[in-house]
Structure formats: structure tokens, C-alpha cells
């Protein structure tokens, strides 16, 4: 199977929610020990770990199913950034965390936290649209375009979803899960109120 086909299939499986750097990190595995360039300091400080975990919990809060903190998504995000992402994406993530730290995110009220994250989400959409336009201009001019890092909130959201739904609590409690499946049925209708199937 060609890499292009594999990327397309993974994007389809994940509902098209992952950016190219995340899909590449997911498919290529971790960086080799010779690739030590890093734009961030690892391991995260206690405050940074708390910040990442809190943002993930706001994205997937605890309800009748476990939240992102229960699934240890913060630890997953740190591991993925350290082992699987390029320095430009680490730098983008680092800038986003620094911005949240400047705004005293952890001390803010829940409504204020949600407002800050919604602003960051809107900014991420704008950044992605601008990057797409720049790439088009470079391509039309026959020049090489160097992609910028994935915007912080987009990367945070992708890694939160990936970490949560591939964790044991996410796969077994938030999704419909069969530990030892029987025969393969390619097309089964979901019953009313049934959860999506775990991968």
C-alpha cells in the first residue's frame, strides 16, 4: 500500500479531524534517537502538565463517561510532542502554552477559560486559512513553500481526541467496545442511542 493511500484511510477512520503532521506522526511512529532537535523542554514542568491536562479536560469533560484527565490525555500529549512531532510544531504548541500562561488560564473562571479557548480556536482557523493561501501563491510562482507549525489549538484538539479515543477509558466507556469480536459484519446499523464503535 502506498503512503498516500494509507494517509487517506487513516483520515477517513478518524473522520478527517487530523492534520497532516498528526497523521504522519501517527503513521511513521516515533522519531529515531538521532532526531533530537526540540523546540520545547521535556519533561513538562508540573504547572505545564496541569495546564495541558486542564485544556484537554475542557475539550472532553467528565460526564457519565470519563473525561480527558481520567484517560491521562495530558501525559499522552507530552509523549507525542516529544517523540513524534517536528520542532516547528513543538514551537507552535509552546507559544500557545505561553499565551495561556500569560492569561493566568488555570486561575481564570470556567466561563473565562472557555472564552479564551474559543478565541484561540478562531485564531487557529484564520492561521490555517492564511497558510493555505500562502502555499497556493508559492505553488503558482513555482517556489518551495515551508509549512509553518500547526496552530496550537488545532494541535491541542487533535491530540486530545486521538489520546482520548485510543485510551482504555475512552475506547471502552465512551465508545461501543467489543473486547473479543466475533465474525466481521461490514455494515451494521446503529441502534437508537447507541455509541459509535471503538476502532
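Residue numbers (full-length UniProt numbering): 1 to 199.
A virtual CB, placed ideally from N, CA and C, is assigned to each residue, including glycine.
1. Over what stretch of residues does the alpha helix (DSSP H) that includes residue 148 continue unbroken?
2. If I'm right that residue 96 touches residue 153 with Cβ under 8 angstroms, what's the distance once you round it to whole angstroms?
3. Can you tell me whether residue 176 is buried or exposed? The criterion is at least 16 other CB atoms within 10 Å of its CB, across all chains shown.
4. Residue 92 and residue 51: beta carbons closer than 8 angstroms?
5. Just to confirm, is the Cβ distance from residue 68 to residue 57 under 8 angstroms?
6. Comparing C-alpha positions only, which one of 166, 47, 188 and 184 sits nearest to residue 105?
7. I need the straight-line Cα distance from residue 117 to residue 162, nearest angstrom please.
8. Run through the DSSP bridge pairs and tell me what residue 176 is partnered with.
9. By alpha-carbon positions, which one of 195, 62, 130 and 149 ends up nearest to residue 85?
10. Is there contact here, the stretch 160-174 with the stretch 69-76, by at least three beta-carbon pairs under 8 angstroms?
11. Between which two residues does the alpha helix (DSSP H) harbouring residue 59 extend?
12. What three-state label does DSSP hand residue 201 in the structure shown?
13. If you compare alpha carbons, which of 157, 101 and 137 is closest to residue 61?
14. Going by other Cβ atoms of all chains shown within 10 Å of its Cβ, with 16 needed for buried, is residue 55 buried or exposed?
15. Under 8 angstroms Cβ to Cβ from residue 195, same chain only, skipping five residues before and after it: list those, please.
16. How is residue 110 classed by DSSP in three states: helix, strand or coil?
17. Just tell me which of 45, 64, 76 and 128 has its CA closest to the CA of residue 160.
18. So residue 160 is in the alpha helix (DSSP H); what residue range does that whole segment cover?
19. Can you name the start and end residues of the alpha helix (DSSP H) that residue 76 belongs to?
20. How many Å lie between residue 120 and residue 151 at the Cα?
Looking at the coordinates:
1. Note, residue 148: premise wrong, no alpha helix (DSSP H); not H, not E.
2. Contact between residue 96 and residue 153 is confirmed by a C-beta separation of about 7 angstroms, below the 8 angstroms threshold.
3. exposed
4. Taking a C-beta distance under 8 angstroms as the contact criterion, residue 92 and residue 51 do not qualify as a contact pair.
5. Yes, these two residues count as a Cβ contact at 8 angstroms.
6. 47
7. Between the alpha carbons of residue 117 and residue 162 lies a gap of roughly 19 angstroms.
8. 197
9. 149
10. yes
11. 46-59
12. Nothing about residue 201 can be reported from this structure: the residues present for the chain run from 1 to 199 only.
13. 157
14. buried
15. 174, 175 and 176
16. Three-state result, residue 110: helix.
17. 76
18. From DSSP, the alpha helix (DSSP H) with residue 160 extends over 152-165.
19. 73-84 is the extent of the alpha helix (DSSP H) around residue 76.
20. If you take the alpha carbons of residue 120 and residue 151, they lie about 9 angstroms apart.
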